[in-house]
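Engineer: For reference, each letter of the sequence shown is one residue, going 1 to 72 in UniProt numbering.
Every residue, glycine too, gets a C-beta built ideally from N, C-alpha and C.
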Amino acid sequence: QPPRRAVSLNQDSTEILLSLGLADRMAGTATWTDPVLPHLAKDNAKVKRLADNNPSFEKVLDEEPDFVTASF
1 QPPRRAVSLN
11 QDSTEILLSL
21 GLADRMAGTA
31 TWTDPVLPHL
41 AKDNAKVKRL
51 ADNNPSFEKV
61 LDEEPDFVTA
71 SF
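1) Between the Cα of leucine 17 and those of Pro38, Val47, Pro35, Val60, spot the shortest distance and give me the residue it belongs to.
2) Tell me where the alpha helix (DSSP H) around serine 13 begins and ends.
3) Can you list the beta strand (DSSP E) stretches of 3 or more residues lying completely in the UniProt domain "Fe/B12 periplasmic-binding" (5 to 72), in chain order?
4) What is the rounded straight-line gap between the Cα of valine 60 and the Cα of glutamine 1?
5) Alpha carbon to alpha carbon, how far is phenylalanine 57 from alanine 66? Give it in angstroms, no decimals.
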């Protein structure tokens with residue numbers, strides 16, 4: 001079953017979640033280094049930006065996510 005409150009900690013993961021149609025289930029995103037892909041811009045504008053770079057652990061937990069994705 002899809003996540004209810006997803007947090008994505010990087011642009012690539014966010015773009016994947018948006019491409020899967022999960023914009024309405026995203027609680028936040030962070031760490032964007034490039035312009036958003038044009039076909040994802042409308043959905044991306046709905047997602048809360050938690051930080052320009054890496055959000056704190058507490059900031060992520062404040063969103064009460066049931067799914068967190070990142071790239072390392």
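Structural biologist: Put simply:
1) What you label residue 17 is simply residue 17 of the sequence shown in a count that begins at 1. Minimum Cα distance to leucine 17 is reached at Val47.
2) Locating residue 13 in the sequence shown gives position 13, where the first residue counts as 1. Where serine 13 is concerned, the enclosing alpha helix (DSSP H) stretches over 11 to 19.
3) 6 to 8, 26 to 30, 49 to 51, 67 to 69
4) Against the sequence shown, residue 60 aligns to sequence position 60. Against the sequence shown, residue 1 aligns to sequence position 1. Spanning the two alpha carbons is a distance of roughly 21 Å.
5) Here residue 66 corresponds to residue number 66 of the sequence shown, with the count starting at 1. Here residue 57 corresponds to residue number 57 of the sequence shown, with the count starting at 1. It is worth fixing the name first, because residue 66 is aspartate in this sequence and not alanine. Cα-Cα distance, rounded: 14 Å.
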